[in-house]
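A short worksheet on the structure shown next.
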Amino acid sequence: MSATRKVRVRFAPSPTGALHIGGVRTALYNYLFAKNLGGDMILRIEDTDSKRFVPGAEDYIVEGLTWLGIKFDEGVGFGGNYGPYRQSERRDIYKRYVDELLAKGKAYYAFDTAAELDAKRAENANFQYDAHTRMQMNNSLSLSAEEVQARLERGDVYTVRFKIDPDQLIEINDMIRGEVHYKSDVLDDKVLYKSADQLPTYHLANVVDDHLMEVSHVIRGEEWLPSTPLHILLYRAFGWEDTMPQFAHLPLLLKPDGKGKLSKRDGDRLNFPVFPLDWKDPVSGDISKGYREAGYFPEAVINFLALLGWNPGTEQEMFSMDELIQAFNIQRCSKAGAKFDYEKGKWFNHQYMLLKDNMELAATLLPELQAKGIETTQAYVAEVLALVKGRMNFLHEFWANAAYFFQAPQSYDEKTVSKRWKDVSAMQMGELEAILQADDFSDMAALEAKVAAWCEEKAYGMGVPMNAFRLALVGEGKGPHIFDITRLIGKAETLQRLRRCVEVLG
RNA sequence: GGCCCAUUCGUCUAUCGGUUAGGACGCAAGAUUUUCAUUCUUGAAAGGGGAGUUCGAUUCUCCCAUGGGCUACCA
Numbered sequence: 014m015s016a017t018r019k020v021r022v023r024f025a026p027s028p029t030g031a032l033h034i035g036g037v038r039t040a041l042y043n044y045l046f047a048k049n050l051g052g053d054m055i056l057r058i059e060d061t062d063s064k065r066f067v068p069g070a071e072d073y074i075v076e077g078l079t080w081l082g083i084k085f086d087e088g089v090g091f092g093g094n095y096g097p098y099r100q101s102e103r104r105d106i107y108k109r110y111v112d113e114l115l116a117k118g119k120a121y122y123a124f125d126t127a128a129e130l131d132a133k134r135a136e137n138a139n140f141q142y143d144a145h146t147r148m149q150m151n152n153s154l155s156l157s158a159e160e161v162q163a164r165l166e167r168g169d170v171y172t173v174r175f176k177i178d179p180d181q182l183i184e185i186n187d188m189i190r191g192e193v194h195y196k197s198d199v200l201d202d203k204v205l206y207k208s209a210d211q212l213p214t215y216h217l218a219n220v221v222d223d224h225l226m227e228v229s230h231v232i233r234g235e236e237w238l239p240s241t242p243l244h245i246l247l248y249r250a251f252g253w254e255d256t257m258p259q260f261a262h263l264p265l266l267l268k269p270d271g272k273g274k275l276s277k278r279d280g281d282r283l284n285f286p287v288f289p290l291d292w293k294d295p296v297s298g299d300i301s302k303g304y305r306e307a308g309y310f311p312e313a314v315i316n317f318l319a320l321l322g323w324n325p326g327t328e329q330e331m332f333s334m335d336e337l338i339q340a341f342n343i344q345r346c347s348k349a350g351a352k353f354d355y356e357k358g359k360w361f362n363h364q365y366m367l368l369k370d371n372m373e374l375a376a377t378l379l380p381e382l383q384a385k386g387i388e389t390t391q392a393y394v395a396e397v398l399a400l401v402k403g404r405m406n407f408l409h410e411f412w413a414n415a416a417y418f419f420q421a422p423q424s425y426d427e428k429t430v431s432k433r434w435k436d437v438s439a440m441q442m443g444e445l446e447a448i449l450q451a452d453d454f455s456d457m458a459a460l461e462a463k464v465a466a467w468c469e470e471k472a473y474g475m476g477v478p479m480n481a482f483r484l485a486l487v488g489e490g491k492g493p494h495i496f497d498i499t500r501l502i503g504k505a506e507t508l509q510r511l512r513r514c515v516e517v518l519g
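Going by the working numbering, the first sequence opens with residue 14, and the numbers climb by one from there.
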């Protein structure tokens, strides 16, 4: 563990489906950690399980992380000098290292079939393939050399198992959890290599690749903590312990309610996304909602996720990616799992909405408005946004909050009518119309003063006439300041809405 | 069952032995007397239980309970 070693971290997902939000957080923490220390971020695809490979998953992962602003320095699709970065393309490399372990006597051939193993487990639920049981099994330790040779030459299907010596104490020095100890006796002789598909298992590939790619820090989910002693033993077996990466095991993301870790089903059940992007399952055809399609800003998702399991120790809540990189310190990660509170995600989106430039926001809204047949301009939409975005969490709530800036109310909300449209309203609106008619709408403050003066002179109070006026303009009892509305829709439209309302409501 | 990790308001968390246990989301109330919302103010809301160590424990140790993870020729 040389202190001067270049910081290199990797995000190593398995392309078995959409990238889970917990995986996104792991990628984020790796990224923040690396960038905070000026290190590199690697994308490695761990596709050693050919049975679970899902087409499209790899592209999905890259697209999702790119959308979120998590950048890679090297890896699949990003180049680099340590490739190939897809494990399925590294078969010969793994084979070489498996042979090395075999030659050193640190691993052995095992010929037990899946059915035989199942039978063993059926007769003893606690069966473990280890120092105590391996001699009763069919492997190169229990069988004669000739027999082993014969089976190999015959082409029998085999696995290579790691030979774990008992009575060893393995100490993990976790950056988040401190020292964790394991006894090697509880470990089983893990399968490192499968002859059937000529591929290693995760454990072997992971250790070999991290070593070869000069990974300095392994930051991964807590579910990996129990297999870390195995990994450490592998580093030892290869003689790589001096350059072994440092480990950090992140707490898991848990269900918002109930028990267990967050799953895709929770998203469906509670109606919130658990994936960065929409994902269509290639087999079932089911579509799972993504944060992007649900209307989240990537900045909001990042900010939200960053604070789920980590905090800077200050009371700052809003962080740009750069600020996160600056502030990130892995020792400040919490140890306990975090229930996933998506309500806070909405709040973050709201905050970023307020921060965003209205012209930029307007540009993304324009196509939707045009599709509705609305003729408008980006500048106008931006002005409307300035008035209504405070009451929105998502951009897709725009129309529901701003339709009346683009078209006259189609109807008048019944409740508002009964509450706000008084017997005197028609008469008052008639008077108001005359005042508006006489004004050129060039100065809203002046107009407002005129209207206020009228209310005072007639002793109407402001409430009754203004609420009726609002009803005429909006169709409901909501919306921003009335004279902001009239300023945007203009004199002709204002008068027209006023007349129509009197006509309809009488 | 075995091994490991964890445990502060409903949720995310701060606290590195001495605090009125702080902040944020959500919730409630009030204010902005033209609405709704934003915003602002205020409020309710927490150290799983039991032993120790200590002058003093949320903080350190142990036990228990609870939650979580792992225990595959999956990652």
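C-beta atoms are modelled at their ideal positions from N, C-alpha and C, and glycine is treated no differently.
| Asked | Found |
| --- | --- |
| Please report the straight-line C-alpha distance between Lys385 and Gly474, rounded to a whole angstrom. | 39 angstroms |
| What is the rounded straight-line gap between the Cα of Leu247 and the Cα of Lys203? | 11 angstroms |
| On the three-state DSSP scale, how would you describe Arg282? | helix |
| How many angstroms separate the CA atom of Leu484 from the CA atom of Glu461? | 17 angstroms |
| Which runs of the alpha helix (DSSP H), 4 residues or longer, sit entirely within the stretch 312 to 353? | 334 to 340 |
| Residues in its own chain within less than 6 angstroms of Leu337 by CB, not counting five upstream and five downstream? | Leu45 and Ala319 |
| On the criterion of 16 or more Cβ atoms from any shown chain inside 10 Å, does Leu114 qualify as buried, or is it exposed? | buried |
| Please report the residue range of the alpha helix (DSSP H) in which Gln391 lies. | Gln391 to Val401 |
| Under the assumption that Tyr309 contacts Asn362 (Cβ atoms under 8 angstroms), give the Cβ distance between them as a whole number of angstroms. | 5 angstroms |
| Identify every residue that forms a DSSP beta bridge with Lys274. | Leu267 |
| Quick check on Ile300: does DSSP put it in helix, strand or coil? | strand |
| So for Pro97, helix, strand or coil by DSSP? | coil |
| Answer with buried or exposed for Met226, where buried requires no fewer than 16 other C-beta atoms within 10 angstroms of its C-beta. | buried |
| Find out if the Cβ-Cβ distance for the pair Pro325, Gly303 is shorter than 7 angstroms. | no |
| Measure the alpha-carbon distance for Asn524 versus Glu76 and round it to whole angstroms. | What the structure shows of the chain is the stretch from 14 to 519, and residue 524 is not part of that stretch, so it cannot be assessed. |
| Considering Cα atoms alone, identify which of Gly273, Gly519 and Phe124 is closest to Leu430. | Correcting the residue identity first, residue 430 is Val in this sequence and not Leu. The shortest Cα separation from Val430 among Gly273, Gly519 and Phe124 belongs to Gly519. |
| Residues bridged to Asp201 by DSSP? | Answer is none; Asp201 lacks a bridge partner. |
| Flag this pair as yes or no: are the beta carbons of Asp291 and Glu306 separated by less than 7 angstroms? | yes |
| Residue ranges of each alpha helix (DSSP H) run of no fewer than 4 residues wholly in the stretch 84 to 168, ordered along the chain? | 104 to 116, 127 to 136 and 158 to 167 |
| Do Asn406 and Lys522 count as a contact pair if the criterion is CB distance below 7 angstroms? | No statement about residue 522 is possible, as the shown extent of the chain runs from 14 to 519 and does not include it. |
| What is the rounded straight-line gap between the Cα of Asp201 and the Cα of Lys176? | 9 angstroms |
| Determine the burial state of Ile300: buried for a count of at least 16 other Cβ atoms within 10 Å of its Cβ, exposed for fewer. | exposed |
| Run through DSSP, which three-state label would Asn480 get? | helix |
| Let me make sure I understand the geometry here. Which of Gly51, Thr61 and Val67 has the alpha-carbon closest to that of Ser297? | Val67 |
| Who are the Cβ neighbours of Ile343 in its own chain at under 6 angstroms, not counting the five residues just before and after it? | Phe46, Met188 and Ala261 |
| So which of Val111, Trp323 and Ser229 has the shortest CA-CA distance to Arg21? | Ser229 |
| For Ile185, report the span of its beta strand (DSSP E) as first-last. | Leu182 to Asp187 |
| What's the call for Thr366, buried or exposed, on a 16-neighbour Cβ count within 10 Å? | For clarity, residue 366 is Met in the given sequence; the question names Thr instead. It is buried - the Cβ of Met366 has at least 16 other Cβ atoms within 10 Å. |
| Starting from the C-beta of Ser15, find all residues in its chain whose C-beta is less than 6 angstroms away, skip the five residues before and the five after it, and write them out in chain order. | The pLDDT assigned to Ser15 is 46, lower than 50, so where the model puts this residue is not dependable, and the model offers no usable value. |
| Relative to the alpha-carbon of Glu235, which residue among Ser438, Ala349 and Asp125 has its alpha-carbon at the smallest distance? | Ala349 |
| Taking 6 angstroms as the limit between beta carbons, can you name the residues of its chain near Val394, skipping five residues before and five after? | Ala375 and Leu378 |
| What residue does the beta strand (DSSP E) around His194 start on, and which one ends it? | Gly191 to Lys196 |
| Pop quiz: Pro478 and Ser347 are said to be a contact at Cβ under 8 angstroms. What is the actual Cβ separation, rounded to whole angstroms? | Contact doesn't hold; Cβ gap of about 56 angstroms is too wide. |
| In this structure, how does DSSP classify Phe24 when only helix, strand and coil are distinguished? | strand |
| Just confirm the distance between the C-beta atoms of Leu81 and Pro311, as a whole number of angstroms; I'd bet it's less than 8 angstroms. | 5 angstroms |
| Report the start-end ranges of each alpha helix (DSSP H) in the stretch 443 to 511 that is 4 residues or longer and not cut off at the edges. | 457 to 471 and 476 to 487 |
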